[in-house]
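Using the working numbering, the first residue of the sequence shown is number 5, and each one after it goes up by one. The beta-carbon is built from N, C-alpha and C at its ideal position, and this holds for glycine as well. Take a look at the structure below.
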Amino acid sequence: MSLMRPISQIASLTLAAAVLVTAQRAVAGSQYVVLSAQPVVDELPPGKLFMPSDVINVPAGTVVTLLGEDGSVNPISGPGSFVVTEDALTSGSLQGATNAQEGPSKLDLIAGLLANERKRTESIGGSRTTTDYSTPSGLDDPWAVSIEESAPGCIRDGEMVLAREGIGQSAVFSIRIGDGEPFNGIVWSAGKLTYSLPDPIPPEVKSVVVETNKTSVSIEIKTFPKNAVLENPLEVLGWMVSSGCERQALALVRQLVTKQQ
C-alpha cells in the first residue's frame, strides 16, 4: 500500500493505520519542529512546527529531521504523508524528558531560532539549510565558545573551550577569568580549531574576557544546570536558546542532523 495518501484519506486514525504504523517512531507524539529537510523543501522549512492532527507531506527523495517534545530526533523519508498523533512513543523515549507543559515552550524557542536564522541567511544570499558547512571551524562544536564577538557562552561541568573562525594562523591572546588577573601570552597554535582552558571555570565566575591583538570580547558564562539531562536534545537546545547561546544552539542542530544522515 502506498504511503502517499490524500489528506482526506488520512483524517482518521483508522484510515491512516498503515501510515501511522510506518511512521510510529517519527510522528507519534504531540509536537515536532523541523530541524532540517534534505534537499530543501519550501513547505518544510527549518523551524516549522507540527501539532497533533497535522499532516507532514514528505516528497520523494527528501529526508526530514524532526525534534519531538520528548527530546527524540526523528528522520522520516519520502515519499509519504504522516499524521502527528497524541500517542506516547513506544520506543526511543529519553529518560528525563520534559513534561508536556515544558516541551512546547522549548520547541517554540527552537522554532523561532531556526526561523530567524533561515530569514537571516536568505536575506544575505546564504544557504537555506542549517546543515551546510563551509570551511572547517571550531564554531562547529556546540560546546565551543566563540571569541569573535561579546556574547553569552554556554559551558558544561566548568569546561570552557574557545573557538575562532576557520583554522587560522598562530595567535597570542590573554584571558581574564572573573575579577582575577589576566593570563597573558597564551599561544593558540596554527591549525587548531579550538583552545581548551586547562582548569575548570569556578561556579561563581560570571564572565571571561579574551583579548587578541585584534579583538577584545567579554563572554557571559552560562553553565548547564546539574539537574538537567545532557542526553536530551530538547533540554540542551532550549537551555542554549534561552541563555542567549544561539550560535552554539545552531551548531548543535547541525550536529544532530548530521548524525541522522
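{"Query": "Touching or not, the stretch 236-252 and the stretch 201-216, by the rule of three or more beta carbon pairs under 8 angstroms?", "Result": "no"}
{"Query": "Count the other C-beta atoms from every protein chain shown that fall within 10 angstroms of the C-beta of Met164, then say buried if there are 16 or more, exposed otherwise.", "Result": "buried"}
{"Query": "Output the distance between the C-alpha atoms of Pro156 and Ser40, rounded to the nearest integer angstrom.", "Result": "25 angstroms"}
{"Query": "Could you tell me the alpha carbon to alpha carbon distance between Asn61 and Phe86, rounded to whole angstroms?", "Result": "6 angstroms"}
{"Query": "Hey, could you find the ends of the alpha helix (DSSP H) Ala255 is sitting in?", "Result": "250-264"}
{"Query": "Between Gln259 and Cys249, what straight-line distance do the alpha-carbon atoms span, to the nearest angstrom?", "Result": "15 angstroms"}
{"Query": "Would you mind working out which of Ala119, Gln252, Gln35 sits nearest Val88, comparing C-alpha positions?", "Result": "Gln35"}
{"Query": "Since Thr69 contacts Val213 with CB under 8 angstroms, what's their CB separation in whole angstroms?", "Result": "The Cβ separation is near 37 angstroms, so there is no contact."}
{"Query": "With Leu48 as the anchor, note down where its alpha helix (DSSP H) starts and where it stops.", "Result": "Note, Leu48: premise wrong, no alpha helix (DSSP H); not H, not E."}
{"Query": "Assuming the contact rule is C-beta atoms closer than 8 angstroms, Val45 and Pro63 should be a hit. Round their C-beta distance to whole Å, please.", "Result": "6 angstroms"}
{"Query": "So who's on the other strand from Asn217, going by DSSP bridges?", "Result": "In the DSSP output, where bridge partners are listed per residue, Asn217 has none listed."}
{"Query": "Should Glu73 go down as buried or exposed, given a rule of 16 or more other Cβ atoms within 10 Å for buried?", "Result": "buried"}
{"Query": "Does the distance from the C-beta atom of Glu121 to that of Leu238 stay below 8 angstroms?", "Result": "no"}
{"Query": "Under the DSSP definition of a beta bridge, which residues are partnered with Pro79?", "Result": "Thr69"}
{"Query": "Taking the alpha carbon of Val191 as the point to measure from, which residue in Leu201, Ser109, Pro49 has its own alpha carbon closest?", "Result": "Leu201"}
{"Query": "Going along the chain, which residues of its own chain have a beta-carbon closer than 7 angstroms to the beta-carbon of Gly82, five neighbours each way excluded?", "Result": "Val62, Pro63, Ala64, Gly65, Thr66"}
{"Query": "Considering only C-alpha positions, which residue in the set Gly189, Gly182, Gly162, Asp183 is nearest to Ser174?", "Result": "Gly189"}
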